[in-house]
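Chemist:
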Amino acid sequence: MRRRSLVRMAAFVIALAPVLAPSATAETSSAYAAVATREEARYVMGTIATVSASAPGEAAALAALDAAWAAFAQVDARMSTWRDDSDLARVNAAAARGPVEVPSDLLEVVAAALHWANATDGAFDPTVLPLLRAWGLQGGEPREPAADELARTLAVTGARHVQVDTAAGTIGFSREGVALDLGGIAKGYALDCAREAMTAVGAMSGVLDLGGNLLVFGSGREQVGIVDPDDPTRTVATIAVVDAAVATSGQYERHVEVGGRRRGHILDPRTGVPVDRQGSVTIVAPRGIDADALSTAVFVLGVEAGEELVKRHPGAGAVFVVPREERWLDGPAPEY
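Residue numbers (the numbering used here): 784 to 1119.
1) To the nearest angstrom, report how far apart A817 and A842 are at their CA atoms.
2) Does DSSP classify G1100 as helix, strand or coil?
3) Measure how close the beta-carbons of L965 and G1071 come, nearest whole angstrom, since I'm counting them as under 8 Å.
4) Ordered along the chain, which non-local residues of its own chain (more than five positions away) have a Cβ less than 7 Å from that of D948?
5) Within 10 Å of its beta-carbon, does T1079 have 16 or more other beta-carbons around it, so buried, or fewer, so exposed?
6) Leaving out five residues on either side along the sequence, give the residues of the same chain with a beta carbon under 8 Å from the beta carbon of C901.
7) Who are the near neighbours of A906 in its chain, counting only those whose CB is closer than 6 Å to its CB and skipping five residues on each side?
8) Would the segment 1011-1026 count as touching the segment 1052-1060 if we require 3 or more Cβ pairs under 8 Å?
9) Indicate the three-state DSSP secondary structure (helix, strand or coil) for F855 in the structure shown.
10) Using the Cβ count rule (16 or more neighbours within 10 Å means buried), how would you classify A1099?
11) For D859 versus V827, is the C-beta distance shorter than 9 Å?
12) Give me the Cα-Cα distance between T864 and E1090, rounded to the nearest whole angstrom.
13) Please determine, among I1049, L915 and V990, the residue with the shortest C-alpha to C-alpha distance to D1059.
14) Assuming V1104 and D1011 make a contact with CB atoms under 8 Å, what is their CB distance in whole Å?
15) Along the chain, where does the beta strand (DSSP E) that runs through G995 open and close?
16) Compute the Euclidean distance between the alpha carbons of A1028 and G1008, then round it to the nearest angstrom.
17) Spatial neighbours of A969 within its chain, please: C-beta separation below 7 Å, excluding the five flanking residues on both sides.
18) CA-CA distance, D867 and A950?
19) On the DSSP bridge assignment, give the partners of E884 in chain order.
20) Would you identify the three-state DSSP class for I1049, choosing helix, strand or coil?
21) Is A1023 helix, strand or coil by DSSP?
22) Is the separation between the beta-carbon of L912 and that of N875 shorter than 9 Å?
23) Within a Cβ cutoff of 6 Å, which residues of the same chain sit near G994, ignoring the five residues on either side of it in sequence?
24) Which residue wins for smallest C-alpha separation from L848, given the options A986, A934 and P925?
25) Relative to the C-alpha of R825, which residue among P839, G840 and A856 is closest?
26) Taking C-alpha atoms, which residue in V939, V945, A980 and N996 lies nearest to G960?
27) What is the DSSP secondary structure of E823, counted as helix, strand or coil?
28) Looking at the structure shown, is P839 part of a helix, part of a strand, or coil, going by DSSP?
29) Assuming L890 and G952 make a contact with CB atoms under 8 Å, what is their CB distance in whole Å?
30) Using the three-state DSSP reduction, which class does S1078 fall into: helix, strand or coil?
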């Protein structure tokens, strides 16, 4: 019999932007009538993205879409670990031999990742690339590393090995073998960049979906469904999002078979092994970069410690979906 998943809301706060009703004049009516909404989907950053933009006129709406795609492309060129020509690949190849000068946006994201590593006591860590490789999760055949290999890999894991010099604009590593992976934060940052680029060319509102990472801006309200990890065709909760970003982490979407055992793609950087936890956590926060990092960290930490982490960050909220046998009584899925 399929296990049912239940929902727990934790410290859930969504700041609703004020929506001003226009006065019923001919001028404002004409302006609102001219608003155009356009939507487009593309494959970017290793996933399917959908961008919707509303702007005063079709040309402005199309320009907003172009601005979003350009923002995504730049983040990918800077931060992909799947491209040999990315700036991050250049850092990973050379930073152990000396500081590497990098573009300001990459420096900003690495600094933010180190902040979250410290704020989460290592539950979020951007130096997990060697661990992902050891488990065959960064290309290659999935496998479970031997204990001695795991120990060697953990020795080069940890934010302490990364030095960011904001004045010089450089990133350095303390030893060979250290490597950065920004997969737990880059998509959220890309959403923030796209929002800024879209508003700069006249977008009034928009909805961006980057592989399940969402961002809503402007006066629009988006109903976001929280899926059941045991049955992704079923929605267990719905939240109304205004001017905020949403990120969900769970082992149900991406997993591999290792030694006959199903393993998820989210590793605990402190132990070096995949998180053995069912369910999911959805984070809502004002910025995509924070929602992205928080969702990973909170899933690694679990409900109790994850709740405490969310409470320490005003403006953020969490929705936990957990198996019924684990904790909570059943009940109707709430709507926010």
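Ideal Cβ positions, reconstructed from N, Cα and C, are used throughout, including at glycine.
Modeler: Judging by the given coordinates:
1) Going by the C-alpha atoms only, they are around 11 Å apart.
2) DSSP, reduced to helix, strand and coil, places G1100 within a strand of the structure shown.
3) Taking a contact as a CB-CB distance under 8 Å, the pair L965 and G1071 does not count as one, their CB atoms being some 13 Å apart.
4) The answer, listed in chain order, is P882.
5) Burial call: buried.
6) According to the sequence provided, residue 901 is Asn. The question's Cys does not apply to it. Cβ within range, chain order: A942.
7) The residues are A1080, V1083 and L1084.
8) Segments in contact, no.
9) Under the three-state reduction of DSSP output, F855 falls in the helix class.
10) Answer is buried; the Cβ neighbour count reaches 16.
11) Taking C-beta atoms as the reference points, D859 and V827 count as a pair closer than 9 Å.
12) If I take the Cα positions, the gap works out to 31 Å.
13) Proximity to D1059 across I1049, L915 and V990 peaks at I1049, based on C-alpha coordinates.
14) About 7 Å separates the beta carbons of V1104 and D1011, which is inside the 8 Å limit, making them a contact pair.
15) Counting along the chain, G995 falls outside any beta strand (DSSP E), and DSSP gives it neither H nor E.
16) Straight across, the Cα-Cα distance linking A1028 with G1008 is about 14 Å.
17) Same-chain partners within the cutoff: V858, M862 and V892.
18) Computed Cα separation, rounded: 27 Å.
19) Paired residue(s): T953.
20) In the structure shown, I1049 sits in coil (DSSP, three-state: anything other than H, G, I, E or B).
21) Three-state result, A1023: strand.
22) Yes, these two residues count as a Cβ contact at 9 Å.
23) Shown here for G994: same chain residues with a beta carbon closer than 6 Å to its own, the five before and five after excluded, namely T830 in chain order.
24) The residue with the shortest Cα to Cα distance from L848 is A986.
25) Among P839, G840 and A856, the Cα nearest to that of R825 is on A856.
26) Scanning V939, V945, A980 and N996 for the CA closest to the CA of G960 turns up V939.
27) Three-state result, E823: strand.
28) The answer is strand: DSSP assigns P839 an E or B state.
29) At roughly 6 Å, the Cβ-Cβ gap stays under 8 Å, so L890 and G952 are in contact.
30) Here S1078 carries a helix assignment [DSSP, helix/strand/coil].
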